[in-house]
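Take the sequence shown: its position 75, counted from the start at 1, is 105 in my numbering, and no numbers get skipped.
Below is one structure, written out as structure tokens, with a few remarks after it.
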Amino acid sequence: MKEFFVLLKEGNKPSLLAAIVNTVIAVLKGIAFFFTGNVAMFAEMMHSIGDAANQFFVFIGSALSKKAPTTRFPNGFGRVVNLVCLGAVLIVGILSYETIVEGWHHIQHPTKSGGLLITLGVLAIAVILETFVLYKAGKEVLHEAGVAEAKGLAPLTQGFVHLNRAKPATKLVFMEDLVATGGGILAFLAVLIAHFTGFLQAEGIASIMIGLMMFYVVGRVFLENARGAIGETDEQMLNHIAHLVVDHQDVKDIKKLSVVKEGEYLHVELVAEVDSSISFARADDIRDHLVDLILNQQGVQDVIISFDEDDGITHWKHVSNRPDSLPPV
Numbered sequence: 031m032k033e034f035f036v037l038l039k040e041g042n043k044p045s046l047l048a049a050i051v052n053t054v055i056a057v058l059k060g061i062a063f064f065f066t067g068n069v070a071m072f073a074e075m076m077h078s079i080g081d082a083a084n085q086f087f088v089f090i091g092s093a094l095s096k097k098a099p100t101t102r103f104p105n106g107f108g109r110v111v112n113l114v115c116l117g118a119v120l121i122v123g124i125l126s127y128e129t130i131v132e133g134w135h136h137i138q139h140p141t142k143s144g145g146l147l148i149t150l151g152v153l154a155i156a157v158i159l160e161t162f163v164l165y166k167a168g169k170e171v172l173h174e175a176g177v178a179e180a181k182g183l184a185p186l187t188q189g190f191v192h193l194n195r196a197k198p199a200t201k202l203v204f205m206e207d208l209v210a211t212g213g214g215i216l217a218f219l220a221v222l223i224a225h226f227t228g229f230l231q232a233e234g235i236a237s238i239m240i241g242l243m244m245f246y247v248v249g250r251v252f253l254e255n256a257r258g259a260i261g262e263t264d265e266q267m268l269n270h271i272a273h274l275v276v277d278h279q280d281v282k283d284i285k286k287l288s289v290v291k292e293g294e295y296l297h298v299e300l301v302a303e304v305d306s307s308i309s310f311a312r313a314d315d316i317r318d319h320l321v322d323l324i325l326n327q328q329g330v331q332d333v334i335i336s337f338d339e340d341d342g343i344t345h346w347k348h349v350s351n352r353p354d355s356l357p358p359v
């Protein structure tokens with residue numbers, strides 16, 4: 031149990047912050063729905079409950095993924111965060127379905143809800159809090175992508191550009207809170223339209239749209255974490271590491287290079303061709319240098335390097351034009 035609490039300290043902080051904030055928001059929306067019966071508020075309440083549960087699971091999963099390899103599990107626990115995310119999206123999927131069903135019922139049988147000021151007040155507070163979490167998640171995305179500290183609106187605008195370089199947990203938080211912020215604004219507008227125009231179905235339509243946005247997150251997160259659980263090649267980092275290796279004066283060619291992403295970490299395996307005349311001591315120095323160089327790249331957890339003699343044939347043709355520099359850890 032002590033080890034578990036130690037691991038929790040290493041958990042994804044944006045996930046924990048988002049989980050706490052969404053729990054508070056869910057309680058506020060639940061109280062507002064109880065007093066007003068507003069269906070758009072119901073949709074938002076379900077959305078916040080789903081996000082809070084999801085993000086708590088992701089926080090715990092990201093912490094457990096930091097557990098050191100054991101004799102029984104020598105490859106470590108990096109993929110745990112992917113498995114937890116896959117389980118967590120099932121909760122959001124169920125809540126998404128219930129949100130859409132409730133919205134459809136309201137469209138068929140529209141009813142006027144009360145407590146306009148309570149509804150608008152809670153939704154406004156929720157949007158402000160969700161935007162705060164989204165901003166924090168955006169900053170974490172840029173940090174994990176190695177972008178210099180961003181100021182102003184950069185975490186919100188540049189977060190989209192670098193989202194693919196973020197860790198699975200951070201990416202999920204950013205996407206969920208982006209949809210949550212948009213859903214809150216949509217619900218706010220629907221309540222105003224229903225109240226001032228008498229078009230009561232607007233709240234039901236908003237509920238369905240919020241449910242569909244939640245389903246989009248479910249689909250996106252499921253596909254990305256399914257790839258992570260299987261283990262996929264990180265093409266950008268593979269290209270980057272290939273350039274670092276071929277730039278070494280003693281490396282003649284790359285016979286094999288794989289950069290596999292598991293959870294938040296990268297596993298690198300390299301077979302490099304060198305001149306057959308070099309000594310074992312020199313080969314060992316080359317290996318040590320390459321290991322240090324590659325381990326210093328962002329997200330790389332372990333490196334396996336072996337050598338083969340240069341046969342004069344170019345094997346590695348995968349390297350494209352030099353990419354933008356990726357930052358070290």
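Note that CB positions come from ideal geometry on N, CA and C, so glycine has one too.
May I have the straight-line CA-CA distance separating Ala156 from Glu170, to the nearest angstrom? As a first step, residue 156 must be located in the sequence shown, where it is residue number 126. As a first step, residue 170 must be located in the sequence shown, where it is residue number 140. Roughly 21 Å separates the two Cα atoms.
Looking only at C-alpha atoms, which of Gly213, Thr161 and Asn112 sits nearest to Phe72? Locating residue 72 in the sequence shown gives position 42, where the first residue counts as 1. Closest option to Phe72, Cα to Cα, is Gly213.
Could you tell me the alpha carbon to alpha carbon distance between Ala259 and Ile316, rounded to whole angstroms? As a working note, residue 259 is residue 229 in the sequence shown. As a working note, residue 316 is residue 286 in the sequence shown. Across the structure, Ala259 and Ile316 are spaced so that their CA atoms are roughly 33 Å apart.
Is the number of C-beta pairs between the stretch 190-201 and the stretch 232-239 that are closer than 8 Å three or more? With a cut-off of 8 Å, the stretch 232-239 and the stretch 190-201 do not count as touching, because too few Cβ pairs lie within range.
Identify, in the order they occur along the chain, each residue of the same chain with its Cβ nearer than 7 Å to the Cβ of Val25, setting aside the five sequence neighbours on each side. Residue coverage of the chain in this structure runs from 31 to 359, which leaves residue 25 outside it and unanswerable.
Just tell me which of Leu268, Val321 and Gly145 has its CA closest to the CA of Gly67. The residue labelled residue 67 in the question sits at position 37 within the sequence shown. Nearest C-alpha to Gly67: Gly145.
Complete runs of the alpha helix (DSSP H) confined to the stretch 177-264 [at least 4 residues]: If we require 4 residues or more, the alpha helix (DSSP H) runs fully inside the stretch 177-264 come out as 184-191, 198-227 and 231-260.
Beta-carbon proximity list for Thr263, same chain, < 8 Å, skipping 5 on both sides: Counting from 1 along the sequence shown, the entry for residue 263 is found at position 233. For Thr263, where only same-chain residues beyond five positions count, the Cβ hits under 8 Å are Ser288, Val289, Val290 and Lys291.
Tell me which residues share the same chain as Thr53 and place their Cβ nearer than 7 Å to its Cβ, disregarding the 5 neighbours each side in the sequence. The count along the sequence shown starts at 1 and reaches residue 53 at position 23. The residues are Ala82.
Would you kindly work out how many angstroms separate the C-alpha atoms of Phe218 and Arg250, rounded to a whole number? In the sequence shown, the residue the question calls residue 218 occupies position 188. In the sequence shown, the residue the question calls residue 250 occupies position 220. Linking Phe218 to Arg250 through their CA atoms gives a straight-line distance of about 26 Å.
Opposite Phe337 in the DSSP bridges: which residues? Numbered from its first residue, the sequence shown carries residue 337 at position 307. The partner list for Phe337 (beta bridge, DSSP) reads Ala302.
Indicate the three-state DSSP secondary structure (helix, strand or coil) for Lys43 in the structure shown. The count along the sequence shown starts at 1 and reaches residue 43 at position 13. The answer is helix: DSSP assigns Lys43 an H, G or I state.
Quick one: what's Val289 bridged to in DSSP? Looking up residue 289 in the sequence shown gives position 259. The bridge partners DSSP lists for Val289 are Val298.
Taking contact to mean 3 or more Cβ pairs, one atom from each stretch, closer than 8 Å, check whether the stretch 122-136 and the stretch 36-45 are in contact. With a cut-off of 8 Å, the stretch 36-45 and the stretch 122-136 do not count as touching, because too few Cβ pairs lie within range.
Taking a contact to mean a Cβ-Cβ separation below 8 Å, would you say His278 touches Leu320 in this structure? In the sequence shown, counting from the first residue as 1, residue 278 sits at position 248. In the sequence shown, counting from the first residue as 1, residue 320 sits at position 290. Taking 8 Å as the Cβ cut-off, His278 and Leu320 qualify as a contacting pair.
Taking a contact to mean a Cβ-Cβ separation below 8 Å, would you say Val281 touches Ser336 in this structure? Sequence index remark: in the sequence shown, residue 281 carries index 251 (1-based). Sequence index remark: in the sequence shown, residue 336 carries index 306 (1-based). No, the pair does not count as a contact, with Cβ atoms beyond the cut-off.
Report the rounded CA-to-CA distance for Ile308 versus Pro198, giving the unit in angstroms. For the purposes of this step, residue 308 is taken as the residue at position 278 of the sequence shown. For the purposes of this step, residue 198 is taken as the residue at position 168 of the sequence shown. If I take the Cα positions, the gap works out to 43 Å.
Tell me, please, which residues DSSP counts as bridged to Val330. Taking the first residue of the sequence shown as position 1, residue 330 is located at position 300. Answer by DSSP bridge pairing, in chain order: Leu296.
Cα-Cα separation, Gly151 to Phe65: In the sequence shown, the residue the question calls residue 151 occupies position 121. In the sequence shown, the residue the question calls residue 65 occupies position 35. One C-alpha to the other measures close to 13 Å.
Glu299 versus Val330, Ala313, Thr344 and Asp305, residue with shortest Cα-Cα distance: Taking the sequence shown and counting its residues from 1, one reaches residue 299 at position 269. Checking every option, the nearest Cα to that of Glu299 belongs to Val330.
Where DSSP assigns a beta bridge to Val283, which residues make up the other side? Reading the sequence shown from its first residue, position 253 is the one you call residue 283. Note that residue 283 is Asp in the sequence shown, not Val. Residue pairing by DSSP puts Asp283 in a beta bridge opposite Glu303.
Give every residue of the same chain whose Cβ lies closer than 7 Å to the Cβ of Ala49, excluding the five residues on either side of it in the sequence, and list them in chain order. Within the sequence shown, numbered from 1, the residue matching residue 49 stands at position 19. So the qualifying residues of the chain are Ala82, Gln85, Phe86 and Phe89.
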